[in-house]
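Input: a single structure, listed below in structure tokens.
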């Protein structure tokens, strides 16, 4: 099974991805963490990633696509995968399409996202950084959601609920 989990920052994508991957016994790929880890390598790509993360912008589409493509070719993903947070734009999707069978969209309000992210304590979770990432999400990712809606594989989930209720909603759609 090839599943995408999408939603704004703070929607619970990582938590739900891990729970679902465990239930389905497939690999889980947290695109954000994958990119942050790659950004720690001190080379041209790593520096490009660091600059994007520090400024609250998205990493270059080609870089995100290539990093994910390489990860999904690894052995533990051969029987299926859950990808958290990819693609963030139609350009990223054009660069690499994971061929999802289902895409879950964890829909939350910006107020809930800000509240959750403020408690997380990551270095890029500054008020300005959060606001910028939410703006980018609303500008770019909505186009991707429309694309998956047109394909008939998008499933909207109320992400404002608690973790167990959200997971139950996802399970009902599997």
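Residue numbers (the numbering used here): 0 to 173.
Quick reminder that beta carbons are idealized off the backbone N, C-alpha and C, glycines included.
Fair warning: this is a prediction, and the values are worked out from it, not measured in the lab.
According to the neighbour-count rule (16 or more other Cβ atoms, all chains shown, within 10 Å of its Cβ), is residue 83 buried or exposed? As a working mapping, residue 83 is identified with position 84 in the chain shown. Residue environment analysis places residue 83 among the buried positions, since at least 16 neighbouring C-beta atoms fall within 10 angstroms of its C-beta.
Please return the same chain residues whose Cβ sits closer than 8 Å to the Cβ of residue 108, not counting the five positions on each side in sequence. Indexing the chain shown from 1 puts residue 108 at position 109. Closer than 8 Å at the Cβ level, and outside the excluded window around residue 108, lie 159.
Any idea if residue 118 is buried or exposed, counting beta-carbon neighbours within 10 angstroms, 16 or more meaning buried? Against the chain shown, residue 118 aligns to sequence position 119. A residue is called buried once 16 or more other Cβ atoms fall within 10 Å of its Cβ, and residue 118, having fewer, is exposed.
When you compare only the Cα positions, how much space is there between residue 147 and residue 45? As a working mapping, residue 147 is identified with position 148 in the chain shown. As a working mapping, residue 45 is identified with position 46 in the chain shown. One alpha carbon belongs to residue 147, the other to residue 45, and they sit about 31 Å apart.
Quick one: what's residue 3 bridged to in DSSP? Here residue 3 refers to the residue found at position 4 when the chain shown is read from its first residue. DSSP lists 82 and 102 as partners of residue 3.
Are residue 70 and residue 33 closer than 7 Å when you measure CB to CB? Position 71 of the chain shown holds residue 70. Position 34 of the chain shown holds residue 33. It is a contact, given that the beta carbons lie within the stated cut-off.
Taking all protein chains shown into account, do 16 or more other C-beta atoms lie within 10 angstroms of the C-beta of residue 8, making it buried, or fewer, making it exposed? Residue mapping note: residue 8 aligns to position 9 of the chain shown, counting from 1. Answer is buried; the Cβ neighbour count reaches 16.
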